[in-house]
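A quick write-up on the structure given underneath.
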C-alpha cells in the first residue's frame with residue numbers, strides 16, 4: 037500500500053480513536069517539532085529575561101590563577117559598600133575562572149590557551165577594568181600596551197602612597213619590539229628587565245602595583261602565584277571604581 041494511502045487510513049481511524057490513542061499518535065509524529073519549539077521559546081525567554089534584568093557594570097576585575105574562599109563574597113560586598121555602589125542597580129564582577137602559566141611560553145597548556153583567548157575577547161570588548169596576575173603574566177600584557185600609565189591613572193596622593201610598590205615596564209623596549217615585529221625580527225620570548233628596578237630601563241613607565249602588602253585580599257583569595265600585581269587596563273570603562281578598588285585592597289588588610 038502506498039505510504040500516503042496508509043497515512044490517510046491512520047488519520048481516518050484516529051478520528052474514532054480514544055484520547056490516549058490521539059495523544060500517542062501526535063507525540064509519535066510531532067514530538068520533535070514540539071521539542072524544537074519549546075527549546076526556541078526557552079532561549080528567547082532566557083535572552084529577554086537577561087536583557088531586561090541585566091545590570092550596568094560598575095567594575096570588572098579579572099583575577100588570574102586564584103581560588104575564592106567562602107569569605108570572598110563578603111569581601112567583594114564590602115568593596116561595593118566602600119565605593120558607594122548600589123548593587124541593586126550596578127554589578128561588581130570578579131572573574132576567578134581563568135588560569136594560565138606564562139613562565140614557559142614554549143609549553144602552553146590547554147588552560148593557558150583557553151585563558152589567553154578569553155582575555156583577548158574581554159580586552160577587545162573593553163570589559164576588563166583591572167587585571168590581577170603574576171609578574172610573568174603582567175610582563176606579557178604590559179609589553180603589548182595593555183595597561184595604564186599610573187601617572188595619569190592615580191591621583192597625586194595615590195601616586196606617592198603606592199610608588200614603593202610600582203611595577204615598571206620599559207617603553208623603549210616596547211618600541212624596539214614593535215619595530216622588530218615590523219621587520220619580521222620579533223623574538224617571542226624576550227628578556228624583560230626587572231619590573232622593580234626602573235634605573236635599569238631606558239624609559240620606565242609604572243603600569244602596575246605589587247600587592248605584597250595586600251593581606252586582606254590574600255585572606256579571601258588563594259593565589260597560586262607568589263607575587264601578584266594590580267594593573268588597570270588602558271581601555272577599561274570604570275577607572276574611578278578601579279582606583280577605589282586599589283585603595284580598598286590596601287586599606288582593608
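Residue numbers (this note's numbering): 37 to 289.
Glycine included, C-beta positions come from ideal geometry on N, C-alpha and C.
No experiment lies behind these values; they were computed from the predicted model shown.
Within 10 Å of its beta-carbon, does residue i have 16 or more other beta-carbons around it, so buried, or fewer, so exposed?
i: residue 258; result: exposed
i: residue 200; result: exposed
i: residue 191; result: exposed
i: residue 173; result: buried
i: residue 32; result: Nothing in the structure corresponds to residue 32, since the chain is present only between 37 and 289.
i: residue 105; result: exposed
i: residue 136; result: buried
i: residue 87; result: Caution applies to residue 87, whose pLDDT of 49 falls short of 50 and renders its modelled position unreliable; the value that the coordinates give is listed next. Its Cβ having fewer than 16 others within 10 Å, residue 87 is exposed.
i: residue 170; result: buried
i: residue 196; result: exposed
Just how far apart, CA to CA, sit residue i and residue j?
i: residue 102; j: residue 276; result: 24 angstroms
i: residue 198; j: residue 245; result: 7 angstroms
i: residue 179; j: residue 206; result: 8 angstroms
i: residue 187; j: residue 122; result: 29 angstroms
i: residue 281; j: residue 161; result: 21 angstroms
i: residue 202; j: residue 189; result: 13 angstroms
i: residue 240; j: residue 265; result: 17 angstroms
i: residue 120; j: residue 154; result: 30 angstroms
i: residue 134; j: residue 283; result: 24 angstroms
i: residue 193; j: residue 278; result: 16 angstroms
i: residue 181; j: residue 231; result: 15 angstroms
i: residue 158; j: residue 145; result: 20 angstroms
i: residue 204; j: residue 261; result: 19 angstroms
i: residue 274; j: residue 212; result: 31 angstroms
i: residue 248; j: residue 263; result: 7 angstroms
i: residue 184; j: residue 177; result: 11 angstroms
Just curious, the alpha helix (DSSP H) that residue i is in, first and last residue?
i: residue 285; result: 275-287
i: residue 155; result: 146-160
i: residue 110; result: 108-119
Between which two residues does the beta strand (DSSP E) holding residue i run?
i: residue 92; result: 92-99
i: residue 131; result: 126-131
i: residue 269; result: That residue, residue 269, is in no beta strand (DSSP E); it is neither H nor E in DSSP.
i: residue 163; result: First-last for residue 163: undefined, no H or E at that position.
Is any beta-carbon of chain B found at less than 8 angstroms from that of residue i?
i: residue 263; result: Absence of chain B from the displayed structure is noted, only one protein chain being present.
- Message: If contact is defined by three or more beta carbon pairs under 8 angstroms, each pair taking one atom from either stretch, is the stretch 122-141 in contact with the stretch 231-250?
- Response: No contact exists between the stretch 231-250 and the stretch 122-141.
- Message: I'd like to know if the stretch 108-125 and the stretch 145-154 are in contact, where contact means that at least 3 CB-CB pairs between them fall below 8 angstroms.
- Response: Between the stretch 108-125 and the stretch 145-154, the count of Cβ pairs shorter than 8 angstroms is below three; the stretches do not touch.
- Item | Segment contact, 8 angstroms Cβ cut-off, at least three pairs: the stretch 261-270 with the stretch 151-166 | By the Cβ test, the stretch 261-270 is in contact with the stretch 151-166, since at least three Cβ pairs between them sit closer than 8 angstroms.
- List in chain order: all unbroken alpha helix (DSSP H) runs of 4+ residues lying wholly within the stretch 169-214. Entirely contained in the stretch 169-214, the alpha helix (DSSP H) runs reaching 4 residues are, in chain order, 171-178, 186-189 and 192-198.
- Message: Threshold first: 4 residues or longer. Then list the alpha helix (DSSP H) segments lying entirely within the stretch 223-267, N to C.
- Response: Listed in chain order, the alpha helix (DSSP H) elements of length 4 or more contained wholly in the stretch 223-267 are 251-256.
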